[in-house]
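Asker:
This is the structure we're talking about:
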């Protein structure tokens, strides 16, 4: 089986895509805030959206557009989320897609839009559309173009997030590349999770949707920063088919190869997002194993990753297994403190009623100083396992989220 | 109907109870850490405990003891939670109840024990029992005795929490008084919620349990500090019957009068706990009304109260209704941002798609400066309402919970 290989790159790495990012003063001066991604031809496409019942206008608009299964362009902006903006906001989303299609000379039903930024403000349509035209003129196929587009959707992100992987599907080399943003889970001013992935593999819209669901389930859906969920979260996947493989239209070896590459890209983006979590000083993987059921493993890991007490203990470099175990205890998962074990990386902190002695604490202290570690809870009750990517809860998280004024 | 009247007092205010708090060096020197509450005779009693599956030894022990429905003494300590301590910890809990009963000359099945403090450490039995004997010698019926007992269960609490109410049940004046501790919801080092309430009303164990469930449902269960739940949370209610009323043994007017008083005490204690939440600078009541169902109102209010983004916005004095509405959106409750309204006290911030203008923002700024306010979300979808007591999320919360080292 062909190796899935990580390379440098992003949304322009797969054949058939151009991108641009420009400064249009949607909210701030002198920073990229409008991104445009354009495929040479209509692509098979899939999308997943926030489950938040307060869904932003672009999400509502895109949900209807994506039903067609073909997309050729994505217009995205930061600075304004176009959420809680009523019928007017929906009209803005629709109009920006229409004008973009007109400008590019493509089908208006082939344009997705995405916004991130302040909730409750209308889009500054004149500046957004001027930005879109500017971006059209700046479109290109280089890594630099992908990077400019990535920068245009950043908010509290301190680093642009890109990932790229090549693999072989049906005997042809294919590329999957993507970009994402997001560092708190929701944020009227800033965060939201947006992810755009492109590939030159030929995959049917149906299998593309399936691959995206599976990949998101192992990546973005395993990501917890603060447990809040945005009104704007969106992930798009476009497949140009330019790699020349026979279209993947059913499960099997080719689908698995494609899925592996897609997962690698999405997991990399998700990990970059956790690492860049608002105020984060540590990237933490929470793994619960030995659970009685898949659901137990999942909810236990999620409870630990969301627990403010566990998160602040990581910030404080404290191997506080008690907070970890207590979070598992209220997660709803089956757990017995007579049987459970808690590890930080490979060092145990609590073992079936036994707690770390001085020597063990010294080893744990070393783990806690690392920028990244894994907290593992082994419940010893079954064979199910689940992992969540998260970060610590720092003073800066509070600063970032308290200091902004509407 | 007789007025329910708040007075100064606590666990010694009702007739038939003595209390003491002493310093026994369970963990620290020079602070009260062992509390003893003793009734003159066995009392009708009820108790409610944490639902955390990792339940501390005293909780496991008390669950069996309370089945008898009669209690005469409570031994409580801070400094050590006696949680995750295995069979040995359970034996310690049992032994401390037995020795207390022997010392007091009462039935060993009439003693409840409660612990709060570090998880995973065994109780220092010699010091605990020496403290218990010291406390026995210090027992008394004055408000000062109740206060000393209250101080003995404090951990990160910055203030002792007591409440007392008098009312009339069956023509007799009855008193309900209580004490509690807790400022983060769980804490291996510190927090946990403990609440001890005494009354001189005569109430059957069955109706006492019912009253306690109802009162806790409107008070301690409506309290969110960080959303974490302790392994040790316990609430006890003892009724001495010394008020001389005919025993309340069924629903009706007398039960309602007693319940009203009990609720008032529990709500006061819960509010004191939210106000004293770890690092809290603001007491916030989150009210969701106009919900389609009771469950919707409840989960929407709870989601807002738990949202780190909403909580940090309160700390930042920011009327950030977007974060509030987004939390409602992911709570699972039905919500439409076209119909919802968000208020801070009586000032609106978001009204069915309309957002506050400069003049309204000035009014909101005044509310946000207050030490206590209510965030109200009116969903306009039904007639159900629910409130949660909580606090903001401050820099000090992170300090308090990060700076402790196991």
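Protein chains in written order, with my numbering: chain A, 20 to 425; chain B, 20 to 425.
Every residue, glycine too, gets a C-beta built ideally from N, C-alpha and C.
Keep in mind it's a predicted model, so treat the numbers as computed, not measured.
1. At a CB-CB cut-off below 7 Å, which residues of chain B make contact with residue 356 (chain A)?
2. I'd like to know if residue 302 (chain A) contacts chain B, where contact means its C-beta is closer than 9 Å to some C-beta of that chain.
3. Can you tell me the Cα-Cα spacing of residue 138 (chain A) and residue 213 (chain A), whole angstroms?
4. Here's the rule: buried if 16 or more other CB atoms are within 10 angstroms of the residue's CB, otherwise exposed. What is residue 409 (chain A)?
5. The stretch 349 to 379 of chain B: which residues have C-beta closer than 9 Å to a C-beta of chain A, in chain order?
6. DSSP puts residue 366 (chain A) in a beta bridge; with which residues?
7. Count the other CB atoms within 10 Å of the CB of residue 232 (chain B); is the residue buried (16 or more) or exposed (fewer)?
8. Cα separation between residue 58 (chain B) and residue 33 (chain B)?
9. With a 10 Å radius around its C-beta and 16 neighbouring C-beta atoms as the bar for buried, classify residue 117 (chain A) as buried or exposed.
10. Considering residue 404 (chain B), what are the terminal residues of the beta strand (DSSP E) in which it resides?
11. For residue 416 (chain B) and residue 338 (chain B), what's the separation of their Cα atoms in angstroms?
12. By the three-class DSSP mapping on this structure, what secondary structure does residue 60 (chain A) have?
13. Determine whether the Cβ of residue 435 (chain A) lies closer than 9 Å to any Cβ atom of chain B.
14. Which residue spans inside the stretch 181 to 247 of chain A form an unbroken alpha helix (DSSP H) run of at least 4?
15. Mind pulling the chain A residues with CB within less than 8 Å of residue 143 (chain B)?
16. Using 8 Å for Cβ pairs, my map puts residue 53 (chain A) next to residue 154 (chain A). What's the rounded Cβ distance?
17. Output the boundary residues of the beta strand (DSSP E) element that contains residue 91 (chain A).
18. Which whole-angstrom value describes the C-beta separation of residue 85 (chain A) and residue 64 (chain A), a residue pair presumed to lie in contact below a C-beta threshold of 8 Å?
19. Which same chain residues end up closer than 6 Å to residue 395 (chain A) when comparing Cβ atoms and leaving out the 5 residues on each side of it in sequence?
20. Tell me the rounded alpha-carbon separation between residue 348 (chain A) and residue 330 (chain A).
21. Specify the secondary structure class of residue 378 (chain B) as computed by DSSP and reduced to three states.
22. If you follow the beta strand (DSSP E) that residue 25 (chain B) is part of, which residue opens it and which one closes it?
23. Residue 392 (chain B) touches chain A at which residues, Cβ-Cβ below 8 Å?
24. If contacts are defined as beta-carbon pairs under 8 Å, then residue 111 (chain A) and residue 76 (chain A) qualify, I think. What distance do you get, rounded to the angstrom?
25. Please report whether the beta-carbon of residue 80 (chain B) lies at a distance below 9 Å from any beta-carbon of chain A.
26. With a cut-off of 8 Å on the beta carbons, I'd call residue 251 (chain A) and residue 69 (chain A) a contact; round off their distance for me.
27. Determine the extent of the beta strand (DSSP E) in which residue 351 (chain A) is found, giving its start and end residues.
28. Between the Cα of residue 90 (chain A) and the Cα atoms of A:152, A:120, A:71, A:366, which residue gives the shortest distance?
29. For a cutoff of 9 Å on Cβ pairs, would you count residue 332 (chain B) as touching chain A?
30. Does the contact criterion of 3 or more C-beta pairs under 8 Å hold for the stretch 93 to 109 of chain A versus the stretch 179 to 188 of chain A?
31. Helix, strand or coil for residue 343 (chain A) per DSSP?
32. Along the chain, where does the beta strand (DSSP E) containing residue 395 (chain A) start, and where does it finish?
33. Could you tell me whether the stretch 165 to 172 of chain A touches the stretch 195 to 202 of chain A, using the rule of 3 or more Cβ pairs below 8 Å?
34. DSSP on residue 152 (chain A), reduced to helix/strand/coil?
35. Please classify residue 270 (chain B): is it buried, with 16 or more other beta-carbons within 10 angstroms of its beta-carbon, or exposed?
36. Can you have a look at residue 350 (chain B) and say buried or exposed, based on whether 16 or more other CB atoms are within 10 angstroms of its CB?
Answerer: Once the coordinates are examined:
1. Taking the first residue of the first chain as position 1, residue 356 (chain A) is located at position 337. The answer, in chain order, is 73, 103.
2. The residue given as residue 302 (chain A) occupies position 283 in the first chain. Chain B, which has no Cβ nearer than 9 Å to the Cβ of residue 302 (chain A), makes this no.
3. Here residue 138 (chain A) refers to the residue found at position 119 when the first chain is read from its first residue. Here residue 213 (chain A) refers to the residue found at position 194 when the first chain is read from its first residue. Cα to Cα, the separation comes out at about 15 Å.
4. By one-based count along the first chain, residue 409 (chain A) stands at place 390. So residue 409 (chain A) ends up on the buried side.
5. Answer in chain order: 349, 350, 351, 352, 353, 354, 355, 356, 357, 359, 368, 369, 371, 372, 373, 374, 375.
6. Taking the first residue of the first chain as 1, we reach residue 366 (chain A) at position 347. Per DSSP, A:363.
7. Position 213 of the second chain, counted from the first residue, corresponds to residue 232 (chain B). Note on residue 232 (chain B): under 16 other CB atoms within 10 angstroms of its CB, so exposed under the neighbour-count rule.
8. What you label residue 58 (chain B) is simply residue 39 of the second chain in a count that begins at 1. What you label residue 33 (chain B) is simply residue 14 of the second chain in a count that begins at 1. Computed Cα separation, rounded: 10 Å.
9. Translated into positions along the first chain, residue 117 (chain A) becomes position 98. When all chains shown are included, residue 117 (chain A) counts as exposed.
10. What you label residue 404 (chain B) is simply residue 385 of the second chain in a count that begins at 1. First-last of the beta strand (DSSP E) with residue 404 (chain B): 403 to 410.
11. Taking the first residue of the second chain as position 1, residue 416 (chain B) is located at position 397. Taking the first residue of the second chain as position 1, residue 338 (chain B) is located at position 319. One C-alpha to the other measures close to 21 Å.
12. Here residue 60 (chain A) corresponds to residue number 41 of the first chain, with the count starting at 1. Of the three classes helix, strand and coil, the one that applies to residue 60 (chain A) here is strand, per DSSP.
13. This structure does not reach residue 435 (chain A), given that chain A is present from 20 up to 425, and the question cannot be answered.
14. 224 to 236
15. Along the second chain, read from residue 1 onward, the residue named residue 143 (chain B) stands at position 124. Under the 8 Å cutoff, chain A gives no residues; its nearest Cβ is about 15 Å from residue 143 (chain B).
16. As a working note, residue 53 (chain A) is residue 34 in the first chain. As a working note, residue 154 (chain A) is residue 135 in the first chain. The distance from the Cβ of residue 53 (chain A) to that of residue 154 (chain A) is about 6 Å, consistent with a contact at the 8 Å cut-off.
17. Looking up residue 91 (chain A) in the first chain gives position 72. Unbroken beta strand (DSSP E) run through residue 91 (chain A): 89 to 99.
18. Looking up residue 85 (chain A) in the first chain gives position 66. Looking up residue 64 (chain A) in the first chain gives position 45. Confirmed, about 7 Å.
19. Against the first chain, residue 395 (chain A) aligns to sequence position 376. 306, 362.
20. Indexing the first chain from 1 puts residue 348 (chain A) at position 329. Indexing the first chain from 1 puts residue 330 (chain A) at position 311. If I take the Cα positions, the gap works out to 16 Å.
21. Residue numbering aside, residue 378 (chain B) sits at position 359 when the second chain is read from its first letter. Looking at residue 378 (chain B) - three-state DSSP - the assignment turns out to be helix.
22. Mapped onto the second chain, residue 25 (chain B) falls at position 6. From DSSP, the beta strand (DSSP E) with residue 25 (chain B) extends over 24 to 26.
23. On the second chain, residue 392 (chain B) is found 373 positions in, with the first residue counted as 1. Simply none; closest approach about 16 Å.
24. Within the first chain, the letter at position 92 stands for residue 111 (chain A). Within the first chain, the letter at position 57 stands for residue 76 (chain A). At roughly 7 Å, the Cβ-Cβ gap stays under 8 Å, so residue 111 (chain A) and residue 76 (chain A) are in contact.
25. Mapped onto the second chain, residue 80 (chain B) falls at position 61. The C-beta of residue 80 (chain B) comes no closer than 9 Å to any C-beta of chain A.
26. Locating residue 251 (chain A) in the first chain gives position 232, where the first residue counts as 1. Locating residue 69 (chain A) in the first chain gives position 50, where the first residue counts as 1. Correct: roughly 6 Å between the Cβ atoms.
27. Residue mapping note: residue 351 (chain A) aligns to position 332 of the first chain, counting from 1. That residue, residue 351 (chain A), is in no beta strand (DSSP E); it is neither H nor E in DSSP.
28. Walking along the first chain from the start, residue 90 (chain A) turns up at place 71. Between residue 90 (chain A) and the set A:152, A:120, A:71, A:366, the nearest pair of CA atoms involves A:120.
29. The sequence position of residue 332 (chain B) within the second chain is 313, counting from 1. So, interface residue.
30. Cβ pair count under 8 Å is below three, so no.
31. Reading the first chain from its first residue, position 324 is the one you call residue 343 (chain A). Of the three classes helix, strand and coil, the one that applies to residue 343 (chain A) here is helix, per DSSP.
32. Taking the first chain and counting its residues from 1, the one referred to as residue 395 (chain A) is at position 376. Note, residue 395 (chain A): beta strand (DSSP E), 391 to 397.
33. yes
34. In the first chain, counting from the first residue as 1, residue 152 (chain A) sits at position 133. Reduced to three states, the DSSP call for residue 152 (chain A) is helix.
35. Sequence index remark: in the second chain, residue 270 (chain B) carries index 251 (1-based). Using a 10 angstroms sphere on the CB of residue 270 (chain B), the tally of other CB atoms stays under 16, which defines it as exposed.
36. Position 331 of the second chain, counted from the first residue, corresponds to residue 350 (chain B). Buried, since its Cβ has 16 or more Cβ neighbours within 10 Å.
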